[in-house]
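For reference, the structure is listed below as structure tokens.
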């Protein structure tokens, strides 16, 4: 069961990484790009971070090492929170 849930977690990270890869020059969520240079920079940053998280979650799925699983889940929660804060603050900046 844990292998299935970690696989879903890795899939979510992969989807987010692909979203940042395709939206380096596009609008986020249909909102106008007020700061195109900043959007490109933050997209590349989160693309790399989400790709690394995908690899980490994939490794935790394959190994079933409990400390690695817990570290992946805790780090994933923190990274998702930081991503949401940074992207939303960029989009809502005047």
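In the UniProt record's numbering, the protein residues as written are 1 to 94. Cβ atoms here follow ideal geometry from the backbone N, Cα and C, with glycine treated the same way.
Taking all protein chains shown into account, do 16 or more other C-beta atoms lie within 10 angstroms of the C-beta of residue 57, making it buried, or fewer, making it exposed?
buried
Quick one: give me the first and last residue of the alpha helix (DSSP H) that residue 83 is part of.
66-91
Return helix, strand or coil for residue 25, following the three-state DSSP convention.
coil
How long is the line joining the alpha carbons of residue 77 and residue 45, rounded to whole angstroms?
17 Å
Taking the alpha-carbon positions, what's the residue 70 to residue 17 distance?
21 Å
Quick one: grab the DSSP three-state call for residue 53.
Of the three classes helix, strand and coil, the one that applies to residue 53 here is helix, per DSSP.
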